[in-house]
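One structure is given here, and the rest of the page talks about it.
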Amino acid sequence: MKGKNSAGFLALIISIISIPFMVTNDYYLGVLIFTAFNCLACIGLCLLMGYAGQISIGHGAFIAIGAYTSGILTAKFAWSPWLAMLCGVLIVIVIAFCLGIPALRLKGHYLAMATLGFASIVHIVAVAAVDLTGGPSGIVNIPRLDLFGYVLSSDKQYFYFSWSVVALSIYIAFNLINSRVGRGLQAIHGSEDAASSLGINITSYKVQVFILSAVFASISGSLYAYYMNYIDPGPFDVMHSVLLVTMVAVGGLHNIWGALIGAIFLSLLPEFLSFLSDYLQVLGIEYQPDYDTLVYGGILLIIMLFLPEGIFNGLSSIIQFIRSSFRKFSGRAAGRVE
Amino acid sequence: MSNSILELEVLCKNFGGVVAVSNLSLRIEKGFITSLIGPNGAGKTTIFNLVTGFLEPTSGHIRFSGRIVKHMKPHTIASIGIGRTFQNVQIFPKMSVLENIMVGRHLRSRAGILSSSVLPPFLRKEEKLIRAEAEKQLHFLDLSEFARVPAGSLPLGNQRMLEIARALALEPKLLLLDEPASGLNARETIAMGELIEKIKQMNITVLLVEHDMELVMDISDYVAVINFGKLIAEGPPVEIQENKDVIAAYLGE
Amino acid sequence: MLRLVNVNSYYGLIHILKNVSMHVSEGEIVTMLGANGAGKTTTLKTISGLQPVKGGKIYYNDQEITGASPEKLVGLGIAHVPEGRQIFRPMSVYDNLELGGYLIYKHYGRKQLKTDIEQTFALFPILKERRNQFAGTLSGGEQQMLTIAMALMSRPKLLLLDEPSMGLAPLIIKNIFQLIAELQADRKLTVLLIEQNANAALKIADRGYVIETGKIVLEEDAEKLRTNQEVKRAYLGREQKEIWE
Amino acid sequence: MNYTDSTLIDVLQFLFMGIQRGSIYAMVAMGFNMIYNSTGIINFAQGEFVVLGGLMMVTLTMAFNLSIVFAFILTVLFVIITGILMERLTINPVKQPTVIRLIIITIAVSIIIKGAAMCFWGKGSHYMRHFSSTEPLDFYGATILPQTLWIFAILFFLVVAYVIFFNYTMTGKCMRACAINRDAARLAGINDRKMVMLSFALSAGIGAIAGIIITPIIQMDYARGAMLGLKGFGAAVLGGLGNSMGAVVAGVLLGVLEAFGAGYISSHYMDAIALVILLFVLFIRPSGIFGSSEAMRLKEF
Chain A
71 MKGKNSAGFL
81 ALIISIISIP
91 FMVTNDYYLG
101 VLIFTAFNCL
111 ACIGLCLLMG
121 YAGQISIGHG
131 AFIAIGAYTS
141 GILTAKFAWS
151 PWLAMLCGVL
161 IVIVIAFCLG
171 IPALRLKGHY
181 LAMATLGFAS
191 IVHIVAVAAV
201 DLTGGPSGIV
211 NIPRLDLFGY
221 VLSSDKQYFY
231 FSWSVVALSI
241 YIAFNLINSR
251 VGRGLQAIHG
261 SEDAASSLGI
271 NITSYKVQVF
281 ILSAVFASIS
291 GSLYAYYMNY
301 IDPGPFDVMH
311 SVLLVTMVAV
321 GGLHNIWGAL
331 IGAIFLSLLP
341 EFLSFLSDYL
351 QVLGIEYQPD
361 YDTLVYGGIL
371 LIIMLFLPEG
381 IFNGLSSIIQ
391 FIRSSFRKFS
401 GRAAGRVE
Chain H
31 MSNSILELEV
41 LCKNFGGVVA
51 VSNLSLRIEK
61 GFITSLIGPN
71 GAGKTTIFNL
81 VTGFLEPTSG
91 HIRFSGRIVK
101 HMKPHTIASI
111 GIGRTFQNVQ
121 IFPKMSVLEN
131 IMVGRHLRSR
141 AGILSSSVLP
151 PFLRKEEKLI
161 RAEAEKQLHF
171 LDLSEFARVP
181 AGSLPLGNQR
191 MLEIARALAL
201 EPKLLLLDEP
211 ASGLNARETI
221 AMGELIEKIK
231 QMNITVLLVE
241 HDMELVMDIS
251 DYVAVINFGK
261 LIAEGPPVEI
271 QENKDVIAAY
281 LGE
Chain W
106 MLRLVNVNSY
116 YGLIHILKNV
126 SMHVSEGEIV
136 TMLGANGAGK
146 TTTLKTISGL
156 QPVKGGKIYY
166 NDQEITGASP
176 EKLVGLGIAH
186 VPEGRQIFRP
196 MSVYDNLELG
206 GYLIYKHYGR
216 KQLKTDIEQT
226 FALFPILKER
236 RNQFAGTLSG
246 GEQQMLTIAM
256 ALMSRPKLLL
266 LDEPSMGLAP
276 LIIKNIFQLI
286 AELQADRKLT
296 VLLIEQNANA
306 ALKIADRGYV
316 IETGKIVLEE
326 DAEKLRTNQE
336 VKRAYLGREQ
346 KEIWE
Chain U
1059 MNYTDSTLID
1069 VLQFLFMGIQ
1079 RGSIYAMVAM
1089 GFNMIYNSTG
1099 IINFAQGEFV
1109 VLGGLMMVTL
1119 TMAFNLSIVF
1129 AFILTVLFVI
1139 ITGILMERLT
1149 INPVKQPTVI
1159 RLIIITIAVS
1169 IIIKGAAMCF
1179 WGKGSHYMRH
1189 FSSTEPLDFY
1199 GATILPQTLW
1209 IFAILFFLVV
1219 AYVIFFNYTM
1229 TGKCMRACAI
1239 NRDAARLAGI
1249 NDRKMVMLSF
1259 ALSAGIGAIA
1269 GIIITPIIQM
1279 DYARGAMLGL
1289 KGFGAAVLGG
1299 LGNSMGAVVA
1309 GVLLGVLEAF
1319 GAGYISSHYM
1329 DAIALVILLF
1339 VLFIRPSGIF
1349 GSSEAMRLKE
1359 F
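Those protein sequence lines, which keep their order, are chains A, H, W and U.
So for the first sequence, the working numbering puts the first residue at 71; every next one is plus one.
So for the second sequence, the working numbering puts the first residue at 31; every next one is plus one.
So for the third sequence, the working numbering puts the first residue at 106; every next one is plus one.
So for the fourth sequence, the working numbering puts the first residue at 1059; every next one is plus one.
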């Protein structure tokens, strides 16, 4: 990492360290922990969508597989959480490999629908395979994660842990992007024909990055299970997969920071809306949590229509605009003085 | 002509019922510039796609350096030493000019997905080497000033140069150029001609498809004329210009 | 009748037409010669509205039509026969002709459309024979006839023809060019013709333009162009290195 | 009643059930195809048109007590207007579409419709009275609801109307022409933008009809759109994307397979069966069982 990216990374680390000192409310800390899980999955998805140019509306399924593997192995078979997480990763690697080879031959809408179909199937299995997953009532008594024998019992500890994982994943993502492999992926996005004419094995690269992004999702799922201590199929429906894609797109597909910002923005949006509703009530407007979906869709649509490159790019071009007009202004002022 | 690098042996390609290439036999001599010319839809680009593995021949063989090339994917063909450019420039628009050429060094480097993600300090040496080679290539093509610019923002002439630089980074034995001068102005076309001759001096065999006859006749050592997927004439440029069949194919009657 | 003044056009970043100025008078057959990629097809597309114009103006009967949509231009009497036999392959020959006469249907009703189709059949008896066949099953020459017939269905005054001879056998090419000459004589049709088969085109044309890398480099009577050494040069190149300006 | 008889009755019963479900998938698939043909877009909000049709019909018939025919017409019009608004406001303004952007835009529209439906109609499922009697009819031992017969009849009617519209009317031919070769259609004087809008209108209309006729049987709720859309897409792909008669056959086939799967394997996995078939078709033969791979390559995007 270098230049702007390392500055951004430093800013991220500082915010991670300082936030628990500012946010003392357990509820909000919990929201931020969930945000970390979304960020983790979105960073993986961004590598797949933004850099390699392959859409997946099925990554919620990999989160579910990670969560359920962790949940089942720890709660029912008393495995160590770490071993269970590793096992989840291995299972996801195998599944992503088997799904990726045929699916990534598809393009655009077809790939989107295939992955969406996969996500639905996983959700249906989570509900229907009662013996394995506990069905709609889910799995309880999942233990907390321990770190070298030290159990992460408080939210503050879990916050630090999960955001450290996010930071690590960002570090990995940037390493990858600025490497031979990352260039290969971006080349595939730019032109598959040209990439293969330069000796890049497109199929293999697409499948590899698909697997990598699925692993990110799986770890995110495991961490979720260990934090919640219980899981049910509810959060793992198709909408969750759609949500992940929209987080990445809203933030800005072509940039890891964009994915991060998108994930944070949409994860915190419901909180912001409920915060807003108090003020709306003062104005005589009755805002209910039921409207969330509607507002959410509206924001997504507006961003896609007016900021197709996402918030991150939108913000940076606004900053650039301000900077250049400021320069012009100060230049003119300086001219006048002379 | 025993010293051929590429041989097409009774090559045929059908699309559905349409015959794009029929019973075409051709030898490309090592170290020279050979041009394929012919009217639109004659099958020239199809031949390129057959040679570089983007299409499978319906029948016939392609022999590269004496070895039959069969059922090979484009990336494998690249690895045995065939580079190419495309009719509609296919650069990677969002990557910088330097990064575009660094992609060309793909086959000359090793790092995989795992090592790239977690072990960058150990890969610095390889990365440095890739960068140095790419910069050398940029310098060779006089594109150094654009190194950090996104490739998509270059003017077309430079994009075509960049595409060639990227293919050269592969260190190919045979380079296929698909209409490198199309859309270029007179001055750029001359520069392109000079570049192609320089490439020949680097001991790289060039196979060229081009519609600018002035360029073709100027730089080619050998010209093959194709119409309706068939070879109708081959020989040195001077002979081709006088050939009755060729004049008929181009001017009619 | 048609006048282009300093027309420029881009395809993405590629500057295809560079200050193209030309004109076609009423009742003329004008042809454009030039190598592939010189900008012939793009010129036709800018006239018919398929390709945006960036800089320059186009006039049709002294009315400015720069940037008008193809739908509108068809209504004004400009019919464009694009290259590569653009027919509706999975539809019948009759349906294709109906669609060609869409504006007649819109303005004069179904009855008039039927009469017009019968008239077209009189001109192309082979199409009448094949009226219920899928257009995609016609032979190359018949498909080319159909595209011309479709264009004629809109009762054009100006016909833009893009490479009507592409991929056809010599005898059929001859028929098509005969047809174009007849249309000019009988229907007082004005024609702008693009052709790779330069000899055939120059035989029926009144005037010709030579276009090279997006610039008009020569305008001449067809007779003179046929004997012009430089026209030959445009196709086969020459040995001395001299750049035309 | 002996063993074979009861098996036969089961088979018949599953068959009716399957054709009934399949008819809905077929209609959703027809809607997908219309928009796909005119724009190359897969409309992820297709399932929401069905939900909107069903819920609107519920309100008009149950709350406002309108007659079935009148409510039917009003509902279809309402959803058609929604479809036109969607095209005008979200598809038409996009000048440089990328596939991912279009996918997310249609997803956003589906979320908005879903959210709006939740606000208006709540989270519960809604009952609606059947078009005619609820008394099951006896058919060789199997029973069939009159509403199911309505569904069969309306699918049949739609297919006939579809064939007539696209093969014998000028507007239908123009829409086909735009789908086959947009530039050539424009050169014939056809306004392609108008045709795109029309395709959204028709596709919304078909979706609304599907929603209206199925609601008495399944009891509509706001969240059904995604699954209906996915299965409808499965039918569209199975029939060869863009091929509407293929979609009808494939939709019915999918419904029947699903019904037998639910009957003989497990009803818990019923929804998964159609999706597994969808994945297999996508992976093995993405051009569908009735589509040609040649046409697929031409339409690659």
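We put the CB at the ideal spot given by N, CA and C, even for glycine.
- request: Output the distance between the C-alpha atoms of residue 297 of chain W and residue 33 of chain H, rounded to the nearest integer angstrom.
  value: Between residue 297 of chain W and residue 33 of chain H, the C-alpha separation is close to 50 angstroms.
message: Counting C-beta neighbours from all protein chains within 10 Å, is the total for residue 200 of chain W 16 or more, i.e. buried, or is it exposed?
response: Classification of residue 200 of chain W: buried, given that the 10 Å Cβ count is 16 or more.
Cβ contact check for the segment 150-167 of chain A and the segment 227-237 of chain A: 3 or more pairs under 8 angstroms: The segment 150-167 of chain A is not in contact with the segment 227-237 of chain A.
query: If we count the other Cβ atoms within 10 Å of its Cβ and call it buried at 16 or more, is residue 1329 of chain U buried or exposed?
result: Per the 10 Å Cβ criterion, buried.
message: Contact criterion: CB-CB distance below 8 angstroms. Does residue 119 of chain W meet it with respect to chain H?
response: Judged by the 8 angstroms Cβ criterion, residue 119 of chain W is in contact with chain H.
query: Beta carbon of residue 65 of chain H, beta carbon of residue 238 of chain H: below 8 angstroms?
result: Cβ distance < 8 angstroms, so residue 65 of chain H and residue 238 of chain H count as in contact.
message: Is there a Cβ of chain H sitting closer than 8 angstroms to that of residue 263 of chain A, yes or no?
response: Closer than 8 angstroms: yes.
- request: Determine the closest residue to residue 1065 of chain U out of U/1083, U/1139, U/1108 and U/1199, with distance taken between C-alpha atoms.
  value: The residue with the shortest Cα to Cα distance from residue 1065 of chain U is U/1199.
query: At a CB-CB cut-off below 7 angstroms, which residues of chain A make contact with residue 1327 of chain U?
result: Per Cβ cutoff of 7 angstroms: 194 and 198.
query: In chain H, which residues lie with their C-beta within 7 angstroms of the C-beta of residue 227 of chain A?
result: Result: empty, since nearest Cβ-Cβ is about 25 angstroms, beyond 7 angstroms.
field: Reduced DSSP category for residue 1249 of chain U - H, G, I as helix; E, B as strand; rest coil
entry: DSSP, reduced to helix, strand and coil, places residue 1249 of chain U outside both helices and strands of the structure shown, so it counts as coil.
field: Any C-beta of chain A under 8 angstroms from that of residue 1353 of chain U
entry: No answer about residue 1353 of chain U holds up, because its pLDDT of 43 lies below 50 and its placement is not dependable.
- request: Spell out whether any CB of chain U is found under 8 angstroms from the CB atom of residue 361 of chain A.
  value: For residue 361 of chain A, the answer is yes, since a Cβ of chain U falls inside 8 angstroms of its Cβ.
- request: Using a Cβ cut-off of 8 angstroms (strictly closer), state whether residue 1167 of chain U contacts chain A.
  value: Chain A, which has a Cβ nearer than 8 angstroms to the Cβ of residue 1167 of chain U, makes this yes.
message: For residue 218 of chain H and residue 128 of chain A, what's the separation of their Cα atoms in angstroms?
response: A straight-line Cα-Cα distance of about 48 angstroms links residue 218 of chain H and residue 128 of chain A.
query: Over what stretch of residues does the beta strand (DSSP E) that includes residue 325 of chain W continue unbroken?
result: Note, residue 325 of chain W: beta strand (DSSP E), 320-326.
message: Let's test the definition: count the other Cβ atoms within 10 Å of the Cβ of residue 1227 of chain U and tell me whether it reaches 16, buried, or not, exposed.
response: Burial call: exposed.
- prompt: Once you ignore the five residues that flank residue 134 of chain H on each side, which residues in its own chain have a CB closer than 8 angstroms to its CB?
  reply: Hits under 8 angstroms: 164, 167, 195, 196, 197, 198, 199 and 200.
message: Out of W/283, W/273 and W/116, which one is the CA nearest neighbour of residue 310 of chain W?
response: Out of W/283, W/273 and W/116, W/283 has the C-alpha closest to the C-alpha of residue 310 of chain W.
task: Measure the C-alpha to C-alpha separation of residue 133 of chain A and residue 292 of chain A and round it to an integer number of angstroms.
output: If I take the Cα positions, the gap works out to 8 angstroms.
CB contact below 8 angstroms: residue 263 of chain H versus chain W: No, residue 263 of chain H lies away from the interface with chain W (no Cβ there is under 8 angstroms from its Cβ).
message: Considering only the alpha carbon of each residue, which of H/51, H/104 and H/240 lies closest to residue 137 of chain H?
response: Nearest neighbour of residue 137 of chain H by Cα position, chosen from H/51, H/104 and H/240, turns out to be H/104.
- prompt: Would residue 1107 of chain U pass as a contact of residue 1305 of chain U if the rule is Cβ separation under 8 angstroms?
  reply: With respect to residue 1305 of chain U, residue 1107 of chain U sits apart: the two C-beta atoms are not nearer than 8 angstroms.
- prompt: Beta-carbon of residue 318 of chain W versus every beta-carbon of chain H: anything under 8 angstroms?
  reply: Chain H, which has a Cβ nearer than 8 angstroms to the Cβ of residue 318 of chain W, makes this yes.
field: Element boundaries [alpha helix (DSSP H), containing residue 1361 of chain U]
entry: Nothing can be reported for residue 1361 of chain U: it is not among the residues displayed for chain U, which extend from 1059 to 1359.
message: So if DSSP puts residue 216 of chain A in a beta bridge, which residue, or which two residues, is it bridged to?
response: The partner list for residue 216 of chain A (beta bridge, DSSP) reads A/221.
- prompt: The beta strand (DSSP E) spanning residue 185 of chain W covers which residue range?
  reply: Its beta strand (DSSP E) spans residues 183-186.
- prompt: Which residues mark the beginning and the end of the beta strand (DSSP E) in which residue 122 of chain W is found?
  reply: Counting along the chain, the unbroken beta strand (DSSP E) around residue 122 of chain W starts and ends at 119-129.
- prompt: For residue 180 of chain H, which of helix, strand or coil comes out of DSSP?
  reply: Note: residue 180 of chain H maps to strand in three-state DSSP.
message: If contact is defined by three or more beta carbon pairs under 8 angstroms, each pair taking one atom from either stretch, is the segment 252-266 of chain W in contact with the segment 169-184 of chain W?
response: The segment 169-184 of chain W vs the segment 252-266 of chain W: in contact.
- prompt: Within the chosen definition, does the segment 203-210 of chain W reach the segment 1243-1253 of chain U through at least 3 CB pairs nearer than 8 angstroms?
  reply: Contact between the segment 203-210 of chain W and the segment 1243-1253 of chain U is present, because at least three Cβ pairs lie under 8 angstroms.
query: When the cut-off is 8 angstroms and only beta carbons count, does residue 301 of chain W lie next to chain H?
result: True, the Cβ-Cβ gap to chain H drops below 8 angstroms.
- request: At 9 angstroms on the CB atoms, spell out the chain W contacts of residue 1232 of chain U, in chain order.
  value: Scanning chain W for C-beta atoms nearer than 9 angstroms to the C-beta of residue 1232 of chain U yields 204 and 207, reported in chain order.
- prompt: Hey, is residue 344 of chain W's beta-carbon within less than 8 angstroms of any beta-carbon in chain U?
  reply: Annotation note: pLDDT 35 at residue 344 of chain W (below 50); position unreliable, no value reported.
Best match in A/279, A/153 and A/122 for proximity to residue 143 of chain H [C-alpha to C-alpha]: Out of A/279, A/153 and A/122, A/279 has the C-alpha closest to the C-alpha of residue 143 of chain H.
message: Looking at residue 1335 of chain U: is its Cβ nearer than 8 angstroms to the Cβ of residue 1312 of chain U?
response: Contact flag set, yes.
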